[in-house]
Amino acid sequence: MDKEKRIATRASFGEALKELGDENNKVVVLDADLSGATKTNTFAKAHPDRFFNMGIAEGNMIGVASGMASCGKIPFAASFAVFSTGRGYDQLRASVAYPNQNVKIVGTHYGLTVGEDGATHQMLEDLSLTRGLPNFTVLAPSDDISAKWAVKEAAKIKGPVYLRFCRLATPVIYDETQKFELGKGICFGDGKDGTVFAAGDMVCKALEAQEMLEKENIHIRVVDFHTIKPIDKELVLKCAKETEKLISIEDHSVYGGLGDAISDILISEYPKKLIKMGVRDEFGRSGKAEEVLKFYGLTPEKIVENIKK
71 MDKEKRIATR ASFGEALKEL GDENNKVVVL DADLSGATKT NTFAKAHPDR
121 FFNMGIAEGN MIGVASGMAS CGKIPFAASF AVFSTGRGYD QLRASVAYPN
171 QNVKIVGTHY GLTVGEDGAT HQMLEDLSLT RGLPNFTVLA PSDDISAKWA
221 VKEAAKIKGP VYLRFCRLAT PVIYDETQKF ELGKGICFGD GKDGTVFAAG
271 DMVCKALEAQ EMLEKENIHI RVVDFHTIKP IDKELVLKCA KETEKLISIE
321 DHSVYGGLGD AISDILISEY PKKLIKMGVR DEFGRSGKAE EVLKFYGLTP
371 EKIVENIKK
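For the sequence shown, the tail end lands on 379 under the working numbering, and the numbers increase by one without skipping.
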């Protein structure tokens with residue numbers, strides 16, 4: 071992990087989207103008047119004839135995207151996560167998931183890391199909403215490299231995809247040689263003392279905790295679940311059988327997200343305790359992103375504490 075090199079995955083999304091548009095003229099992009107923040111403006115500058123600013127009307131944006139998909143286009147419909155999944159949920163369900171349309175829904179600025187924008191914009195339920203929809207694939211990349219892979223992979227999938235990108239610049243974890251596979255988590259280390267399952271911006275927090283624990287001769291493994299749905303069942307069971315303690319961490323509610331996806335597997339296949347780190351049945355609060363994460367216990371230090379308990 072390169073702690074010095076930090077890139078926001080929303081910026082990686084913008085770059086990859088532009089490259090995808092260069093390669094495939096079926097790709098179209100719709101945005102709800104937030105292209106400067108979601109970084110779809112990179113695509114707009116390169117392909118203005120295939121970019122559509124739909125205004126602050128997310129439900130309509132998703133409905134139009136569904137119509138474009140039915141005509142053979144590959145639409146990416148982007149907004150802040152709280153808007154693209156929250157304000158447009160009816161259309162996600164009835165116009166995208168139910169008819170299994172080839173629409174890619176993008177949520178940037180998710181979770182507590184939206185920071186000062188506060189509870190109204192800190193979307194902590196988007197994984198729950200999209201995981202619960204039939205036909206949806208859900209991707210939550212952790213860094214620049216995996217984010218670019220996720221965009222290209224989403225375009226290959228025939229059907230609805232939700233992509234989750236972070237507002238904050240986060241460390242680059244992978245290099246260009248890394249191989250990614252849909253539905254297959256990536257494991258860092260093979261320590262037997264515990265496993266930390268993570269996604270998105272929490273992967274770097276888990277890797278920091280791994281480094282801290284190594285200094286105390288405690289050896290854990292970290293799993294990056296860039297694909298939340300379908301989840302890597304085999305890897306969950308392997309870690310459950312081989313390691314002493316299991317922890318999941320996510321910038322999301324503990325209800326309906328990564329932790330619950332893992333719990334579903336453990337309950338039915340290999341009953342074992344899972345400590346779920348996330349936001350517990352409450353809304354977020356306004357403040358600097360790192361301070362808010364600390365308030366809710368989403369830090370390397372808290373991971374270390376839970377492993378050592």
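Note that beta-carbon positions come from the ideal geometry of N, C-alpha and C, so glycine has one too.
None of these values were measured; they are calculated from a predicted model.
If you follow the alpha helix (DSSP H) that residue 201 is in, where does it begin and where does it stop?
196–201
Taking the continuous beta strand (DSSP E) assigned at residue 347, which residues delimit it?
345–349
Rounded to whole angstroms, what is the Cα-Cα separation between residue 300 and residue 306?
12 Å
Counting pairs of Cβ atoms below 8 Å between the stretch 233–252 and the stretch 209–224, do you hit three or more?
Verdict: yes, contact present.
Could you please give the first and the last residue of the uninterrupted alpha helix (DSSP H) stretch that includes residue 264?
No alpha helix (DSSP H) holds residue 264; the beta strand (DSSP E) holding it covers 264–268.
Please state the DSSP three-state secondary structure of residue 177.
Correct three-state label for residue 177: strand.
Can you tell which of 263, 368, 248 has the C-alpha that lies nearest to the C-alpha of residue 71?
248
Quick one: Cα of residue 360 to Cα of residue 185, how far?
8 Å
DSSP on residue 92, reduced to helix/strand/coil?
helix
Starting from residue 110, follow the beta strand (DSSP E) in both directions and report where the run begins and ends.
That residue, residue 110, is in no beta strand (DSSP E); it is neither H nor E in DSSP.
Residues that residue 318 bridges to, as DSSP identifies them:
267, 346
If you count every other CB in all the chains shown that lies within 10 Å of the CB of residue 327, and 16 or more means buried, which is it?
So residue 327 ends up on the buried side.
Can you pull the DSSP bridge partners for residue 193?
180
In angstroms with no decimal places, state the Cα-to-Cα distance between residue 154 and residue 130.
11 Å
For the alpha helix (DSSP H) containing residue 371, list its first residue and its last residue.
370–378
Locate the beta strand (DSSP E) running through residue 99, then write down its first and last residues.
97–101
Residue 239 lies in the alpha helix (DSSP H); which residues open and close that run?
For residue 239, there is no enclosing alpha helix (DSSP H); the enclosing beta strand (DSSP E) covers residues 239–242.
Using three-state DSSP, classify residue 208 as helix, strand or coil.
strand
Pick from 166, 152, 101, 246 that is closest to residue 229, judged by C-alpha positions
Just measuring C-alpha positions, the residue of 166, 152, 101, 246 sitting nearest residue 229 is 166.
From which residue to which residue does the alpha helix (DSSP H) around residue 149 run?
From DSSP, residue 149 is part of no alpha helix (DSSP H) but of the beta strand (DSSP E) over 144–150.
For residue 356, three-class secondary structure by DSSP
coil
Does DSSP put residue 115 in a helix, in a strand, or in coil?
Here DSSP, grouped into helix, strand and coil, assigns residue 115 to helix.
Please report the distance separating the alpha-carbon of residue 322 from that of residue 74.
26 Å
When burial is assigned at 16 or more other CB atoms within 10 Å of the CB, is residue 312 buried or exposed?
exposed
Which class does residue 293 belong to by DSSP, given the choice of helix, strand or coil?
strand
Would DSSP call residue 301 helix, strand or coil?
coil
Considering only the beta carbon of each residue, do residue 279 and residue 295 sit closer than 8 Å?
no
Neighbourhood of residue 254 by C-beta distance below 8 Å, restricted to the same chain and skipping five residues each side:
297, 302, 305
Can you give the Cα-Cα distance for residue 151 and residue 203, rounded to whole angstroms?
16 Å
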